[in-house]
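A.B. asks: In this note's numbering, the protein residues as written are 127 to 334.
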Amino acid sequence: MKPLYLFGAGSQAKVLWEFLRDEFSLVAILNDFPAESPIPGVPVLEFDKASSQLDTSAHFAVSIGNHHGRPRVKKHEALISLGLSPVIARHPLAQTARGVSIGEGCQLLAMSFAAVDCHLGRQVILNTACSIDHECVLADGVHIGPGARVAGRVKIGAGSFLGTGAIVLPDLIIGEDCIIGAGAVVTKDIADGAVVAGNPARVIRRIR
127 MKPLYLFGAG SQAKVLWEFL RDEFSLVAIL NDFPAESPIP GVPVLEFDKA
177 SSQLDTSAHF AVSIGNHHGR PRVKKHEALI SLGLSPVIAR HPLAQTARGV
227 SIGEGCQLLA MSFAAVDCHL GRQVILNTAC SIDHECVLAD GVHIGPGARV
277 AGRVKIGAGS FLGTGAIVLP DLIIGEDCII GAGAVVTKDI ADGAVVAGNP
327 ARVIRRIR
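1. Ordered along the chain, which non-local residues of its own chain (more than five positions away) have a Cβ less than 6 angstroms from that of Leu235?
2. Of all the options Asp148, Leu152, Leu171 and Gly167, which has the alpha carbon lying nearest to the alpha carbon of Phe159?
3. Just the Cα atoms here: how many angstroms apart are Val141 and Asp174?
4. Classify Lys314: buried if its beta carbon has 16 or more other beta carbons within 10 angstroms, exposed otherwise.
5. Quick check on Pro212: does DSSP put it in helix, strand or coil?
6. Let me know the alpha helix (DSSP H) ranges lying completely inside the segment 193-267, each 4 residues or longer, listed in chain order.
7. So, under 8 angstroms CB-CB, Ala310 and Gly289 are touching, yes? Tell me the CB distance rounded to an integer number of Å.
8. Is it the case that the Cβ atoms of Gln221 and Cys232 are separated by a distance below 8 angstroms?
9. Please report the residue range of the alpha helix (DSSP H) in which Ala284 lies.
10. With H, G and I counted as helix, E and B as strand and the rest as coil, what does DSSP make of Glu144?
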């Protein structure tokens, strides 16, 4: 089996390993600081101390979820620079239509769906049972939460996060580094760095 590192010692590591174990052998979990391993028997290594000793023939997946899209992309770039190869972590129950473009390091979890001609940048997460409809464009580090629904031709900027069950209506633009609260219904464009919630979604604060 092919060797694999996961970067991130949280629950996302468990989620990915549940199906990646069928294809890979997990060497270790990398982390920025000491942590208990989420996977019994698998060591956690501090990245700064271990980076010069990694098996550069190995693959990797960045097991960092939530709204940490930009850190996920940075870890991706750091591991690429060391010579490791990114995995597209695609659950057997994930579905994509024809014409879907999937960037390096994406995670397509169980029962997620991407419709025809969607584009996913690097390190995009389509979480459990979410859907993005036709011709959506998701930039690097976007995370679509469990059960969220994104209608057709929506554009979502780098690092943005849609919470569980959020809904985005067609043809809208969500800026970079936005957080869309769980269950929110987005009915108009959202500017960069906005945190929105409610139905209809309204800006409750800004993070940039």
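All C-beta atoms in this analysis are idealised placements derived from N, C-alpha and C, irrespective of residue type, glycine included. All of these numbers come straight from a predicted model, not from anything done at the bench.
C.D. replies: Considering the structure as presented:
1. Closer than 6 angstroms at Cβ, skipping near neighbours: His217, Asn253 and Thr254.
2. When each option's Cα is compared against that of Phe159, the closest is Leu171.
3. Computed Cα separation, rounded: 24 angstroms.
4. Exposed, since its Cβ has fewer than 16 Cβ neighbours within 10 Å.
5. Pro212 falls in the strand class under three-state DSSP.
6. With a minimum length of 4 residues, the continuous alpha helix (DSSP H) runs that stay inside the segment 193-267 are 195-207.
7. About 7 angstroms separates the two Cβ atoms, so the contact holds.
8. Inclusion of Gln221 and Cys232 in the CB contact set at 8 angstroms is not warranted, their separation being larger than that value.
9. It is not in any alpha helix (DSSP H) - Ala284 carries neither H nor E in the DSSP assignment.
10. In the displayed model, Glu144 falls within a helix according to three-state DSSP.
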